[in-house]
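*Asks:*
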Amino acid sequence: MIASIPSAVLHGVDGRLVHVEVHVANGLPGFTIVGLPDTAVRESRDRVRAALASTGLPWPRRRTTVNLAPSGVRKGGAGLDLPIAIGVLVASGVLDPAAVAGLAFVGELGLDGSLRGVPGALVLVEALVGHRVVVADADGPGVSVSTTTCRTAPDLGEVVARCTGRRPWPAVRVAVPTGTPRPRQAHGGDLADVRGQLLARRALEVAAAGGHHLLLVGPPGAGKTLLATRLPGLLPDLDPQTRREATRIHSVAGVGGGDAEPVWRPPYRAPHHGLSAVAMLGGGASLRPGEVGLAHGGVLFLDELGEFPTAVLDALRQPLEEGVVRLSRSGGTTTCPARFLLVAAMNPCPCGEGGPPGACRCAPASRARYARRLSGPLLDRFDICVAVARPGVDDLVGCRPGEATSVVAARVEEARSLARGRGVVANAGLPAATLHRTAPLDEGAADLLVRRVRSGHLSGRGLHRVHRLARTLADLEGGVGPVGAQHVAEALVLRGSRGILLGESLR
Amino acid sequence: MTDDELACAAALLDLPGMTPVRLARLLDGFGPRLAWRAVRSGTHPGDRERRFRIGARRVDPGQVLARYRAAGVSVLLPDEVGYPAGLVGDPGAPAVLTAIGDPASTEARPAVAVVGTRSATRYGTSVAAELGRGLAASGVVVVSGLAIGIDAAAHAGALDAGAGAAPPVAVVGTGLDVVYPTANRALWEAVARRGSVLSEAALGTPARPRVFPARNRIIAALADIVVVVECHGRGGSLHTVEAAARRGIPVGAVPGSVRSPASRGTNGLLVDGCMPVRDVDDVLTAVSLTRGGRAIAPAGSRPSGGGGRSDGPVAGLGRVERAVWEVLDDTPTTVETVLLRTGLSLGAVGLAVGGLEERGLVVAGAGWWSRA
Numbered sequence: 000m001i002a003s004i005p006s007a008v009l010h011g012v013d014g015r016l017v018h019v020e021v022h023v024a025n026g027l028p029g030f031t032i033v034g035l036p037d038t039a040v041r042e043s044r045d046r047v048r049a050a051l052a053s054t055g056l057p058w059p060r061r062r063t064t065v066n067l068a069p070s071g072v073r074k075g076g077a078g079l080d081l082p083i084a085i086g087v088l089v090a091s092g093v094l095d096p097a098a099v100a101g102l103a104f105v106g107e108l109g110l111d112g113s114l115r116g117v118p119g120a121l122v123l124v125e126a127l128v129g130h131r132v133v134v135a136d137a138d139g140p141g142v143s144v145s146t147t148t149c150r151t152a153p154d155l156g157e158v159v160a161r162c163t164g165r166r167p168w169p170a171v172r173v174a175v176p177t178g179t180p181r182p183r184q185a186h187g188g189d190l191a192d193v194r195g196q197l198l199a200r201r202a203l204e205v206a207a208a209g210g211h212h213l214l215l216v217g218p219p220g221a222g223k224t225l226l227a228t229r230l231p232g233l234l235p236d237l238d239p240q241t242r243r244e245a246t247r248i249h250s251v252a253g254v255g256g257g258d259a260e261p262v263w264r265p266p267y268r269a270p271h272h273g274l275s276a277v278a279m280l281g282g283g284a285s286l287r288p289g290e291v292g293l294a295h296g297g298v299l300f301l302d303e304l305g306e307f308p309t310a311v312l313d314a315l316r317q318p319l320e321e322g323v324v325r326l327s328r329s330g331g332t333t334t335c336p337a338r339f340l341l342v343a344a345m346n347p348c349p350c351g352e353g354g355p356p357g358a359c360r361c362a363p364a365s366r367a368r369y370a371r372r373l374s375g376p377l378l379d380r381f382d383i384c385v386a387v388a389r390p391g392v393d394d395l396v397g398c399r400p401g402e403a404t405s406v407v408a409a410r411v412e413e414a415r416s417l418a419r420g421r422g423v424v425a426n427a428g429l430p431a432a433t434l435h436r437t438a439p440l441d442e443g444a445a446d447l448l449v450r451r452v453r454s455g456h457l458s459g460r461g462l463h464r465v466h467r468l469a470r471t472l473a474d475l476e477g478g479v480g481p482v483g484a485q486h487v488a489e490a491l492v493l494r495g496s497r498g499i500l501l502g503e504s505l506r
Numbered sequence: 000m001t002d003d004e005l006a007c008a009a010a011l012l013d014l015p016g017m018t019p020v021r022l023a024r025l026l027d028g029f030g031p032r033l034a035w036r037a038v039r040s041g042t043h044p045g046d047r048e049r050r051f052r053i054g055a056r057r058v059d060p061g062q063v064l065a066r067y068r069a070a071g072v073s074v075l076l077p078d079e080v081g082y083p084a085g086l087v088g089d090p091g092a093p094a095v096l097t098a099i100g101d102p103a104s105t106e107a108r109p110a111v112a113v114v115g116t117r118s119a120t121r122y123g124t125s126v127a128a129e130l131g132r133g134l135a136a137s138g139v140v141v142v143s144g145l146a147i148g149i150d151a152a153a154h155a156g157a158l159d160a161g162a163g164a165a166p167p168v169a170v171v172g173t174g175l176d177v178v179y180p181t182a183n184r185a186l187w188e189a190v191a192r193r194g195s196v197l198s199e200a201a202l203g204t205p206a207r208p209r210v211f212p213a214r215n216r217i218i219a220a221l222a223d224i225v226v227v228v229e230c231h232g233r234g235g236s237l238h239t240v241e242a243a244a245r246r247g248i249p250v251g252a253v254p255g256s257v258r259s260p261a262s263r264g265t266n267g268l269l270v271d272g273c274m275p276v277r278d279v280d281d282v283l284t285a286v287s288l289t290r291g292g293r294a295i296a297p298a299g300s301r302p303s304g305g306g307g308r309s310d311g312p313v314a315g316l317g318r319v320e321r322a323v324w325e326v327l328d329d330t331p332t333t334v335e336t337v338l339l340r341t342g343l344s345l346g347a348v349g350l351a352v353g354g355l356e357e358r359g360l361v362v363a364g365a366g367w368w369s370r371a
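These protein sequence lines are chains A and B, in that order. Residue numbering for the first sequence follows numbering that gives the first Met the number 0, beginning at 0 and increasing consecutively. Residue numbering for the second sequence follows numbering that gives the first Met the number 0, beginning at 0 and increasing consecutively.
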């Protein structure tokens, strides 16, 4: 007899519908799984047999063949345990096919028959449109973010009992009442903790308001990491679309805690510089999302930018440009959303003391070598590049605290809503062609920009970046009227310090 | 001395593995020709290991000399015309010296070495340029090392002094066909054209850390007085100072801000009793010269740290520009500090600095500003 049970497997950050076909017929007792299963799927035979036995259900003493259709794509993960078990029960006549009609199954089985959650359950359920999907109790809250038509059960015995109607399906436990605003929990602490650092605070605010990538350059102990951790707190809550995408990515990657809450706040990812290109972009046989995907909608902080392998950094250019990362591996091709705010920190030179000339003891050649680790195109992505100096004693002891995160975040929210009025998420996304309309310059501002370009301080591309930055600065002041000269002048200062890395201060 | 002697000296210098110390040992008590023959036959008492015998057998001294001459390099031996008088009798004098340019420039007196750190501040390079210009215009030979930073600024200043000024002299650590650092190529060529560039290294010798301290002793020996413009707590400039002290040559230092790391070494020298150098006149007094009828440095070379700060350049500045100008000085001031001291917004400060920069009053660096 034949059974066909719908289920799903992960493919990158998407789910893919898989039909688990089980054929039980006369012949030598045996159990085969075909259809490109990976090791976890092949091992499911032993889990399923043990689970059936523990639950008191019969294991067919006949020839059993499981086919995973479509048979041409690789399938991974333990989520196919439950559909295989159900398929075996239906094909061997224990379960009536009518009892499982319209149902799909996703879940891992324990040897005692208990049902375990799987990574990416949310995505898998979304791939099974039109089915009522049975998942483990543990996956219920996470899945409920997207749909409430799923069914949950604690173990295999309950699944069978509830399918046959002997017991009712309970209501799904909902993780978060939709539409409830979440308290703004600052990620790494409050901005008020940062003493002094006027310039860097301003840079953070502007970066958050306009979505401008930020590079902090300064000696060790200047507080670069401290500043970067304050950035997610300044960003507004994720919009529904981004929230959905981020939640899916986090679900697939299995990060973000066991309570499977949707991702409300911008994520903050700070990978160590030893990571590989695969860990950064995603990949592997199962096309797992990488750090750029996990940072979607939030902040990707690269500390010690100069220590990252050049290949990893240059691989960032495509996601930075397109907002998605496209992966092609032997397992197929996938696209993962990756729109993030890139924040990087580095020392100005190998000894770390660089900055104003005279302080650094590095040989010019070693400085040049240090600077060469960053490609020009990548450096160019940073709209804001500020030097962070070590705070003085007065700053640490005497100075009154600066503005709190909530105060600055309100201004950021204001600026972002102005940007939304122009049809973009943030000003960094304004197309260059429409800048003259979306960010008109007053006479003094235009004059200043033209003089800067003429004197060779600014390239054509830099011109547009300064222009967008000036738009954000004007927005932070309310955004009425054209962009003024003082906005352009401030944008030029904020964009300014990249020369610190190019040994400019030595000339 | 015949060409043959010169050729043998050049051939010895050019042998692979030769160092100034070994060369001095080989030539000590031998003439170049005798030394060459002894090395070639492996009987030189200074080359017991016969380190150079194989290399020497492959070489024709005449060809080596021809190669040096083709490169425009002259080979100088002690007691020979052109060998700098300042080095004669010096305990560490190079046994063979190579030179480009006019060797007579090394004979000109007085000579002042202007040296300092490679990672100089704007203050340091402008003072060095001023000293170079003023000294050269007053007929003083400026000796330096053609490194970037203070050295380059001093040479550039000396070249800037115009026609009739004293020729500059550079002593480098590399071979004379290896321009190091390459950023100074134009300067190197200009010094070779107007004065001379000296080296005790064979052609093709690359830049290595150990050649520079050795080079510094020649700089010190050539000078009547050594002026350190800026240097850190330790570094090459202090080698020059030590070499000068051993030879009894006076050392002067330019005072700097006590907060500037680049002036830590020079301020330390002042504490140790070195002569303070504020301007060209201080140096000229020290070499018993006054500015006579010679051309004085052109306008604009006034020490920028002087008292006439509030007039002149700031005339016609707006209120904000003046406020920013007031908090800046010759040492780099970070953007942060300017914001704190003026209490102005970043936009206002940026606008003011932009204006000051266009007037040439302020130099903008990476995250810092200073007066030009």
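Glycine included, C-beta positions come from ideal geometry on N, C-alpha and C. Predicted model only: the values in this text are computed from it and were never measured.
If you measure between the beta carbons of A/Q317 and A/V324, is that distance less than 8 Å?
*Replies:* Closer than 8 Å, so yes.
*Asks:* With 9 Å as the C-beta to C-beta threshold (strictly closer), list the residues of the region 168–199 of chain B near chain A in chain order.
*Replies:* Within the region 168–199 of chain B, the qualifying residues are P180, A182.
*Asks:* Could you tell me which chain A residues have their CB closer than 8 Å to the CB of B/G315, listed as they occur along the chain?
*Replies:* Correct list: empty, because the minimum Cβ distance to chain A is about 18 Å.
*Asks:* Report the neighbours of B/A153 on chain A: residues whose CB is nearer than 7 Å to its CB, in chain order.
*Replies:* Correct list: empty, because the minimum Cβ distance to chain A is about 16 Å.
*Asks:* If you count every other CB in all the chains shown that lies within 10 Å of the CB of A/I32, and 16 or more means buried, which is it?
*Replies:* Buried.
*Asks:* To the nearest angstrom, report how far apart B/A404 and A/V465 are at their CA atoms.
*Replies:* Here chain B has residues from 0 to 371 only, and residue 404 of chain B is not among them.
*Asks:* Measuring only the C-alpha atoms, how far is A/A488 from A/L472?
*Replies:* Cα to Cα, A/A488 sits roughly 10 Å from A/L472.
*Asks:* At what residues does the beta strand (DSSP E) containing B/V114 begin and finish?
*Replies:* That run of the beta strand (DSSP E) goes 110–114.
*Asks:* From A/G292 to A/I383, what does the alpha carbon distance come to, in whole angstroms?
*Replies:* Each residue's alpha carbon lies about 23 Å from the other.
*Asks:* Between the Cα of B/R383 and those of B/A103, B/V20, B/R21, B/D59, spot the shortest distance and give me the residue it belongs to.
*Replies:* The requested residue 383 of chain B does not occur in the structure, where chain B is confined to residues 0 to 371.
*Asks:* Compare the beta carbon distance of A/C268 and A/T404 with 8 Å and say whether it is the shorter of the two.
*Replies:* Residue identity check: residue 268 of chain A is Arg in the sequence provided, not Cys. No; because the gap between Cβ atoms is not below 8 Å, this pair is not in contact.
*Asks:* Examine the Cβ distances between the region 219–233 of chain B and the region 110–121 of chain B and report whether three or more of them are shorter than 8 Å.
*Replies:* Result yes; three or more Cβ-Cβ pairs closer than 8 Å.
*Asks:* Does B/A296 pass the burial test, meaning 16 or more other C-beta atoms within 10 Å, or should it be called exposed?
*Replies:* Residue placement at B/A296 is poorly supported in this model, since its pLDDT is 39, which falls under 50; the coordinates are not used for a value here.
*Asks:* Determine the direct distance from the alpha carbon of B/T330 to that of B/V319, and round the result to whole angstroms.
*Replies:* Cα to Cα, the separation comes out at about 20 Å.
*Asks:* A/Q485 touches chain E at which residues, Cβ-Cβ below 8 Å?
*Replies:* The displayed structure is made up of protein chains A and B, and chain E is not among them.
*Asks:* Of all the CB atoms in chain B, is at least one closer than 8 Å to the CB of A/A206?
*Replies:* Not an interface residue.
*Asks:* Could you name the residues that DSSP lists as bridge partners for A/Y267?
*Replies:* Partner(s): A/V298.
*Asks:* Can you tell me where the beta strand (DSSP E) holding A/M345 begins and where it ends?
*Replies:* Counting along the chain, the beta strand (DSSP E) containing A/M345 begins and ends at 340–345.
*Asks:* Note down the Cα distance separating A/L340 from A/S250, rounded to an integer number of angstroms.
*Replies:* Straight-line Cα distance between these residues: approximately 21 Å.
*Asks:* Go ahead and label A/M279 buried or exposed: buried means 16 or more other beta carbons lie within 10 angstroms of its beta carbon, across all protein chains shown.
*Replies:* The residue is buried, with at least 16 neighbouring Cβ atoms inside 10 Å.
*Asks:* Check whether the region 480–487 of chain A and the region 431–444 of chain A touch, using three or more Cβ-Cβ pairs below 8 Å as the test.
*Replies:* Verdict: yes, contact present.
*Asks:* Counting only runs that start and end within the region 199–268 of chain B, where is the beta strand (DSSP E) found for 3 or more residues in a row?
*Replies:* Listed in chain order, the complete beta strand (DSSP E) runs (minimum 3 residues) inside the region 199–268 of chain B are 224–227, 250–252.
*Asks:* Between which two residues does the alpha helix (DSSP H) harbouring B/W324 extend?
*Replies:* Looking at the DSSP string, the run of the alpha helix (DSSP H) that includes B/W324 is 318–326.
*Asks:* For a contact meaning CB atoms closer than 8 Å, what does A/V507 contact in chain B?
*Replies:* With chain A covering only 0 through 506, there is no way to say anything about residue 507 of chain A.
*Asks:* Across the region 89–103 of chain B and the region 184–197 of chain B, are there enough close Cβ pairs to call them in contact, namely three or more that are closer than 8 Å?
*Replies:* The region 89–103 of chain B vs the region 184–197 of chain B: in contact.
*Asks:* Who pairs with A/L213 in a beta bridge, going by DSSP?
*Replies:* A/L213 pairs with A/V342, A/I383.
*Asks:* Just checking: is the beta-carbon of A/A488 within a distance shorter than 8 Å of some beta-carbon in chain B?
*Replies:* Yes, because at least one Cβ of chain B sits closer than 8 Å to the Cβ of A/A488.
*Asks:* Scan the region 123–153 of chain B for residues whose Cβ lies nearer than 8 Å to a Cβ of chain A and list them as they occur along the chain.
*Replies:* Per Cβ criterion, the list reads G123, I147, G148.
*Asks:* Is the region 156–175 of chain A touching the region 366–384 of chain A in the sense that three or more CB pairs, one from each, lie closer than 8 Å?
*Replies:* The region 366–384 of chain A vs the region 156–175 of chain A: no contact.
*Asks:* Quick check for students: name the residue ranges of the alpha helix (DSSP H) that lie wholly in the region 198–245 of chain A, counting only runs of 4 or more.
*Replies:* The qualifying runs are 223–228, 230–233.
*Asks:* Which residue wins for smallest C-alpha separation from B/V348, given the options A/C350, A/L197, A/V298?
*Replies:* Ranking A/C350, A/L197, A/V298 by Cα distance to B/V348 puts A/L197 first.
*Asks:* So, helix, strand or coil for A/A135, using DSSP?
*Replies:* Of the three classes helix, strand and coil, the one that applies to A/A135 here is strand, per DSSP.
*Asks:* Considering Cα atoms alone, identify which of A/S70, A/V72, A/R44 is closest to A/P82.
*Replies:* Of the candidates A/S70, A/V72, A/R44, the one whose C-alpha sits nearest the C-alpha of A/P82 is A/R44.
*Asks:* Measuring only the C-alpha atoms, how far is B/P140 from B/S259?
*Replies:* Looking at the sequence itself, residue 140 of chain B is Val, so the reference to Pro does not match. C-alpha separation (whole angstroms): 29 Å.
*Asks:* Mind listing the chain B neighbours of A/A388? Cutoff is C-beta to C-beta under 7 Å, in chain order.
*Replies:* By Cβ distance, chain B contributes T333, E335.
*Asks:* Just tell me which of B/T284, B/S125, B/G354, B/A169 has its CA closest to the CA of B/L221.
*Replies:* Residue B/A169 is the option with its Cα nearest to B/L221.
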